[in-house]
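Working notes, beginning with the structure itself.
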Amino acid sequence: MNKVSKKYFLFFVLTLFLIILFFSSAFILPVLYTYTRNITKLIVLLALSSLASGVAIALILTYLSPTISEGISLIKRYSRLENLNHPLLVRLSTEAPGSYHHSISVANLGQKAAKALGADSTLARIAGYYHDIGKLIHPETYIENQSQAKEKFKSLGQVYKVAKIITSHTKKGVEIAQHYRLPEEISNIIAEHHGSTLARFLYEEAKEFGIPEKNNFRYSGPKPQTIESAIIMLADCVEAATKGAKILDRARISEIVDKIIEDKIAEKQFHNLRISETELQKIRTSFIDTLSLMYHQRIYIADNDQN
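Just so you know, we're using the UniProt record's numbering here: the sequence shown kicks off at 1 and counts up by one.
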């Protein structure tokens, strides 16, 4: 604890002691006086009880002060990170606008799924905001930030070059998070949100030029370590897949969500945490409900066009 924090903490302890002394005197004094008419004895008892309680409180708070201080600091940081005017989010919205809007949607999906599970919904939302900050490095490489379709790849080397940029955005994101002093639990989710999965769309492109080495298209991990990290991994994929779908109704949304969950299970991405079938089902239902509401207007317009 730094000197300023220590000064305010000691002031807090002293103030708390005086408040307790005042109220304990107000309530205990009449009770004690009922049992003893001896004023001297009454004052001694009151002094001893107040001193004992004050010392106990001081010892407890001193022992807990690092935890209290860390908790207060974390609350302040979370409050700052929730603000969409945070410098890092302003950068993302300016330099990688497509990634920014994707992240807002992922945050929304993540928060609601975490709430449905009883997980940390605030952490899920904030992690959703920042999970793709690594895309600030070469933002034009990512399809969501491209104003027009890019030319097809002309060589395997070209595909490898793009794959290296894309699969490194998790590591780059952690570096940026550390530079901006984001909490460790946010950095962990940034690192884990692709696990050790394959950048399959690039791998398929590379197959046109021969037999590519799979490891050149694989994220370095680690796999998700927490429920919140698993939620963001799934929300990230689900949001991108539904945004690119031509036909989108509740049935199609369900198909997309189911396929993504099945793929992640098949790739053993949840082996580092305990997540049950029931929990995955709750995440699935939350995603489908949220996306159905998000795309309701789009579905309605499509139906009218067909009519």
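Glycine residues also receive a C-beta, built at the ideal position from the N, C-alpha and C atoms.
{"query": "Could you check the C-alpha separation between D289 and I261 for me, to the nearest Å?", "result": "16 Å"}
{"query": "Please confirm whether K190 and G128 have their CB atoms less than 8 Å apart.", "result": "In the sequence as displayed, the identity of residue 190 is Ile instead of Lys. No, Cβ-Cβ distance for I190 and G128 is not below 8 Å."}
{"query": "Start and end of the alpha helix (DSSP H) containing R91?", "result": "P87 to E95"}
{"query": "For a test of the three-state rule: what should DSSP assign to L198, helix, strand or coil?", "result": "strand"}
{"query": "Roughly how many angstroms separate the alpha carbons of K171 and Y295, rounded to a whole number?", "result": "32 Å"}
{"query": "Can you give me the Cβ contacts of I256 inside the same chain, cut-off strictly under 6 Å, excluding the 5 residues immediately before and after it?", "result": "A241 and T242"}
{"query": "Identify whether R284 lies in helix, strand or coil by the three-state DSSP scheme.", "result": "helix"}
{"query": "Does the contact criterion of 3 or more C-beta pairs under 8 Å hold for the region 184 to 198 versus the region 267 to 274?", "result": "yes"}
{"query": "Once you ignore the five residues that flank F217 on each side, which residues in its own chain have a CB closer than 6 Å to its CB?", "result": "A163, L198, A199, L202 and Y203"}
{"query": "Given a cut-off of 8 Å on the beta-carbon distance, is the pair I283 and I231 in contact?", "result": "yes"}
{"query": "Per the DSSP calculation, R218 is bridged to which residue(s)?", "result": "L198"}
{"query": "Give me, in chain order, the residues of the same chain whose beta-carbon lies closer than 7 Å to that of I275; leave out the 5 immediate sequence neighbours on both sides.", "result": "I227 and A230"}
{"query": "Classify H102: buried if its beta carbon has 16 or more other beta carbons within 10 angstroms, exposed otherwise.", "result": "buried"}
{"query": "Cβ of R77 within 8 Å of Cβ of P183?", "result": "yes"}
{"query": "Taking the C-alpha atoms as reference points, what is the distance between N145 and H138?", "result": "10 Å"}
{"query": "Should L89 go down as buried or exposed, given a rule of 16 or more other Cβ atoms within 10 Å for buried?", "result": "buried"}
{"query": "Of the choices K112, S155 and L117, whose alpha-carbon is the least far from that of F209?", "result": "S155"}
{"query": "Given a threshold of 16 other Cβ atoms within 10 Å of its Cβ, counted over all protein chains shown, does E277 qualify as buried or as exposed?", "result": "exposed"}
{"query": "My output table needs one value for R274: the three-state DSSP class, helix, strand or coil.", "result": "coil"}
{"query": "Could you spell out where the alpha helix (DSSP H) holding S229 opens and where it closes?", "result": "I227 to K243"}
{"query": "With H, G and I counted as helix, E and B as strand and the rest as coil, what does DSSP make of Q148?", "result": "coil"}
{"query": "Excluding five sequence neighbours on each side, which residues of the same chain lie with their C-beta closer than 7 Å to the C-beta of S254?", "result": "I288"}
{"query": "Quick check on this structure: which residue in V159, L293, T94 and D258 has the alpha carbon closest to the alpha carbon of Q281?", "result": "D258"}
{"query": "Straight-line CA distance for S5 to K223?", "result": "Bear in mind that a pLDDT of 45 at S5, under 50, signals an unreliable position, so the number given afterwards is only what the model happens to contain. Near 37 Å, if we compare the C-alpha coordinates of K223 and S5."}
{"query": "State the CB to CB distance for the pair A113 and S286, rounded to an integer number of angstroms; the pair is presumed to be in contact (CB under 8 Å).", "result": "4 Å"}
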